[in-house]
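**Student:**
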Amino acid sequence: MFKGDAASTKQGDTVIGGAVKVEGNFVGEGNVIVEGQLQGTLKTKHNVTIGVSAKVKANVEAVDVLLAGELIGNIKATGKLILKAGAKLHGNVETSMLSVEPGAILNGKCTMSGAPQQQEEN
Amino acid sequence: MTQFSASMYTYIVEAAINDKKYEAELARIESRLIELEMSGRIEKLTILKSLPEAIKDALRNHSETIVLIGTDRMLNSAMSALAETAVTVGIIPLGEETIMAMTLGIPYGVAACDVLSARITATLDLGKVNNRYFLSKLSLPECKSITIDCDSKFQISALSPATIDIANFGEQGNPRDGYLDVIVRPQEERRMFGFGRRNFSRTSVFPVKKLTIRSGGESMPIMSDGETIIKTPATVEVAPRKLKVIVGKQRSFS
Chain W
1 MFKGDAASTK
11 QGDTVIGGAV
21 KVEGNFVGEG
31 NVIVEGQLQG
41 TLKTKHNVTI
51 GVSAKVKANV
61 EAVDVLLAGE
71 LIGNIKATGK
81 LILKAGAKLH
91 GNVETSMLSV
101 EPGAILNGKC
111 TMSGAPQQQE
121 EN
Chain H
1001 MTQFSASMYT
1011 YIVEAAINDK
1021 KYEAELARIE
1031 SRLIELEMSG
1041 RIEKLTILKS
1051 LPEAIKDALR
1061 NHSETIVLIG
1071 TDRMLNSAMS
1081 ALAETAVTVG
1091 IIPLGEETIM
1101 AMTLGIPYGV
1111 AACDVLSARI
1121 TATLDLGKVN
1131 NRYFLSKLSL
1141 PECKSITIDC
1151 DSKFQISALS
1161 PATIDIANFG
1171 EQGNPRDGYL
1181 DVIVRPQEER
1191 RMFGFGRRNF
1201 SRTSVFPVKK
1211 LTIRSGGESM
1221 PIMSDGETII
1231 KTPATVEVAP
1241 RKLKVIVGKQ
1251 RSFS
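Protein chains in written order, with the working numbering: chain W, 1 to 122; chain H, 1001 to 1254.
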């Protein structure tokens, strides 16, 4: 998941690569992949993937969030939150579904709000 | 200049195409256009006749379709003159570099006449840099200390030397999504021990609508088609649905 390059992402996705620093309030329309540095806030209506080498100091709001690197800030995931082995999270969590792999660090308050929001079918 | 009867179409031929090696293909194109009943006024660019002048003449003559016969460079050069008009643009790719036409689904040379005849049109976004329009992309080679302010919300800084493209359309970017893609490619670093080079970091991609590029210290060149067109600081924005173009079925975007 973290080994591809920009070519493996979809049109409209944002990739914050390892050689880039982003500061401010980032609002994405598509999926966001972070492998570099981010400070501020990160919001998207899609998914966020924070890679092993990423250093993030930001509050994150998304549907699904996968954390493999380090994040200082709060996470609100309306779908699911996955903390991979080696992930470091210093902040509060609000999510519907939580998965923590052995070796992940979570320092903060965790609030679970039940089943993830499903799209209604007509 | 060759004069045909109809004035609906104006065909503008790039100066570089006025070369013997393209004579036969140009003749085939003229014949095919007559067969398709699409003949029109043909303007061949020279030192005395520039592309903006030829476009102005075509608009003055009430041409409904301006067809550019030539390379990507000609297409990009025509954007500022065409962007503010309601004219439909056709392309017959001919010459050395015709990647943009291929991405628009237009085959090389005489085969493009049939795509023009089918007349599938798409209205495309353009990029705009300090009041100058571009179709494909801008490039900043070898950026060392550059900051890009995006949509007045966040800033991007390259942590190592990088090349930066601001793409509307071409190898990357969709010319109908209302965004420009800022693409930051870290330059390869040499290995101290061992052979070859390695890319030490992944390419970054940011879809944005408006950005301001600033370079710390001295001004840096911003290039289009290998030529410096402006220097930093510069403001770049997307101009949505600005150009009506005849495209082929094999185009790379929906």
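Note that beta-carbon positions come from the ideal geometry of N, C-alpha and C, so glycine has one too.
Note that the structure is predicted; figures quoted are calculated from it, not measured.
Under the rule that 16 or more other beta-carbon atoms within 10 Å means buried, what is PRO1137 (chain H), buried or exposed?
**Tutor:** The residue labelled residue 1137 (chain H) in the question sits at position 137 within the second sequence. Note that residue 1137 (chain H) is Lys in the sequence shown here, rather than Pro. With 16 or more other Cβ atoms within 10 Å, it is buried.
**Student:** Considering only their Cβ atoms, is the gap separating THR14 (chain W) from PHE1253 (chain H) smaller than 7 Å?
**Tutor:** Reading the second sequence from its first residue, position 253 is the one you call residue 1253 (chain H). Reading the first sequence from its first residue, position 14 is the one you call residue 14 (chain W). Not a contact, by the Cβ cut-off of 7 Å.
**Student:** Return the first residue and the last residue of the beta strand (DSSP E) that LYS958 (chain H) is part of.
**Tutor:** Residue 958 (chain H) lies beyond the range of chain H shown here (1001 to 1254); nothing can be said about it.
**Student:** Near PRO1233 (chain H), which residues of its chain fall below 7 Å by C-beta distance, leaving aside the five closest residues on each side in sequence?
**Tutor:** Residue numbering aside, residue 1233 (chain H) sits at position 233 when the second sequence is read from its first letter. Only THR1212, ILE1213, ARG1214 meet the Cβ criterion.
**Student:** Let me know the secondary structure DSSP gives ASN1199 (chain H) once reduced to three states.
**Tutor:** For this step, residue 1199 (chain H) is matched to residue 199 along the second sequence. Unreliable positioning characterises ASN1199 (chain H) in this predicted model, as indicated by a pLDDT of 49, which lies under 50. The coordinate reading is nonetheless provided below. Coil at ASN1199 (chain H), not helix or strand.
**Student:** Alpha carbon to alpha carbon, how far is VAL63 (chain W) from GLY51 (chain W)?
**Tutor:** The residue given as residue 63 (chain W) occupies position 63 in the first sequence. The residue given as residue 51 (chain W) occupies position 51 in the first sequence. C-alpha separation (whole angstroms): 17 Å.
**Student:** Check whether the region 1145–1159 of chain H touches the region 15–28 of chain W, counting contact only when three or more Cβ pairs, one atom from each stretch, lie closer than 8 Å.
**Tutor:** Counting Cβ pairs under 8 Å, three or more are found: they touch.
**Student:** Is GLY1248 (chain H) close to the ligand PLP? I mean its beta-carbon at under 6 Å from any heavy atom of the ligand.
**Tutor:** In terms of ligand content, the structure shown is empty, and the ligand PLP therefore cannot be addressed.
**Student:** Closest to GLU1237 (chain H) by CA distance: which of H:ALA1054, H:THR1071, H:ILE1148, H:SER1117 is it?
**Tutor:** Here the question's residue 1237 (chain H) lines up with position 237 in the second sequence. For GLU1237 (chain H), the nearest C-alpha among the options comes from H:ILE1148.
**Student:** Here's the rule: buried if 16 or more other CB atoms are within 10 angstroms of the residue's CB, otherwise exposed. What is ASP1114 (chain H)?
**Tutor:** In the second sequence, the residue the question calls residue 1114 (chain H) occupies position 114. Exposed.
**Student:** Using three-state DSSP, classify GLU1014 (chain H) as helix, strand or coil.
**Tutor:** Within the second sequence, numbered from 1, the residue matching residue 1014 (chain H) stands at position 14. Here GLU1014 (chain H) sits in coil by DSSP.
**Student:** Can you list, in chain order, the residues of its chain whose CB lies under 7 Å from that of GLY1194 (chain H), leaving out five sequence neighbours each side?
**Tutor:** Position 194 of the second sequence, counted from the start, is the residue given in the question as residue 1194 (chain H). Residue placement at GLY1194 (chain H) is flagged as unreliable, the pLDDT there being 48, under the threshold of 50; the coordinate-derived value follows with that caveat. Hits under 7 Å: none found.
**Student:** Once DSSP output is grouped into helix, strand and coil, what is the label at ILE1156 (chain H)?
**Tutor:** Taking the first residue of the second sequence as position 1, residue 1156 (chain H) is located at position 156. Three-state result, ILE1156 (chain H): strand.
**Student:** Note down, in chain order, each residue of its chain lying with its Cβ closer than 7 Å to the Cβ of ALA1162 (chain H), except the 5 sequence neighbours on either side.
**Tutor:** The sequence position of residue 1162 (chain H) within the second sequence is 162, counting from 1. Within the same chain, ALA1162 (chain H) has close Cβ partners CYS1143, VAL1184, ARG1185, PRO1186, GLN1187.
**Student:** Relative to the C-alpha of ASN59 (chain W), which candidate in W:ALA87, W:ASN31, W:GLY86, W:THR41 has its C-alpha closest?
**Tutor:** Residue 59 (chain W) sits at position 59 when you count from the first residue of the first sequence. ASN59 (chain W) has its Cα closest to that of W:THR41, out of W:ALA87, W:ASN31, W:GLY86, W:THR41.
**Student:** Between the Cα of GLY12 (chain W) and the Cα atoms of H:ALA1058, H:ASP1177, H:ARG1241, H:LYS1242, which residue gives the shortest distance?
**Tutor:** The sequence position of residue 12 (chain W) within the first sequence is 12, counting from 1. Checked all of H:ALA1058, H:ASP1177, H:ARG1241, H:LYS1242; the closest Cα to GLY12 (chain W) is H:ASP1177.
**Student:** If you draw a straight line from the alpha carbon of ASN74 (chain W) to that of TYR1179 (chain H), how long is it in whole angstroms?
**Tutor:** The residue you call residue 74 (chain W) lines up with position 74 of the first sequence. The residue you call residue 1179 (chain H) lines up with position 179 of the second sequence. If you take the alpha carbons of ASN74 (chain W) and TYR1179 (chain H), they lie about 29 Å apart.
**Student:** Would you identify the three-state DSSP class for THR14 (chain W), choosing helix, strand or coil?
**Tutor:** Here residue 14 (chain W) corresponds to residue number 14 of the first sequence, with the count starting at 1. Of the three classes helix, strand and coil, the one that applies to THR14 (chain W) here is strand, per DSSP.
**Student:** Straight-line CA distance for PRO1052 (chain H) to ALA1111 (chain H)?
**Tutor:** For this step, residue 1052 (chain H) is matched to residue 52 along the second sequence. For this step, residue 1111 (chain H) is matched to residue 111 along the second sequence. Distance between the alpha carbons of PRO1052 (chain H) and ALA1111 (chain H) is about 26 Å.
**Student:** When the Cα atoms are used, what is the spatial distance from ASN1018 (chain H) to ALA1081 (chain H)?
**Tutor:** Counting from 1 along the second sequence, the entry for residue 1018 (chain H) is found at position 18. Counting from 1 along the second sequence, the entry for residue 1081 (chain H) is found at position 81. Between ASN1018 (chain H) and ALA1081 (chain H), the C-alpha separation is close to 22 Å.
**Student:** Can you check whether the C-beta of ARG1190 (chain H) is within less than 7 Å of a C-beta belonging to chain W?
**Tutor:** Along the second sequence, read from residue 1 onward, the residue named residue 1190 (chain H) stands at position 190. Low local confidence applies: a pLDDT of 48 at ARG1190 (chain H) is under 50, so the model's placement there is unreliable, with the coordinate-based value given in what follows. No, ARG1190 (chain H) lies away from the interface with chain W (no Cβ there is under 7 Å from its Cβ).
**Student:** For ILE1156 (chain H), would you say it is in contact with chain W, using Cβ-to-Cβ distances shorter than 7 Å as the test?
**Tutor:** Counting from 1 along the second sequence, the entry for residue 1156 (chain H) is found at position 156. Yes - at least one Cβ of chain W is within 7 Å of the one on ILE1156 (chain H).
**Student:** Hey, is ARG1202 (chain H)'s beta-carbon within less than 7 Å of any beta-carbon in chain W?
**Tutor:** The count along the second sequence starts at 1 and reaches residue 1202 (chain H) at position 202. Yes, ARG1202 (chain H) lies at the interface with chain W (some Cβ there is under 7 Å from its Cβ).
**Student:** Using a Cβ-Cβ cutoff of less than 8 Å, which residues in the same chain neighbour TYR1108 (chain H) once the five nearest sequence positions on both sides are dropped?
**Tutor:** Within the second sequence, residue 1108 (chain H) is the residue found at index 108, counting from 1. Result list for TYR1108 (chain H): PRO1093, LEU1094, THR1098, ALA1101, MET1102, in chain order.
**Student:** Taking C-beta pairs closer than 9 Å, name the residues in chain W that LEU1159 (chain H) reaches, listed in chain order.
**Tutor:** Here residue 1159 (chain H) is taken as the residue at index 159 of the second sequence, counted from 1. Under the 9 Å cutoff, chain W gives GLY18, ALA19, VAL20, LYS21, GLY36, GLN37.
**Student:** Going by DSSP, which residues form a beta bridge with ALA1204 (chain H)?
**Tutor:** For this step, residue 1204 (chain H) is matched to residue 204 along the second sequence. A small fix is needed here, since residue 1204 (chain H) is Ser in this sequence, not Ala. According to DSSP, SER1204 (chain H) bridges with H:VAL1184.
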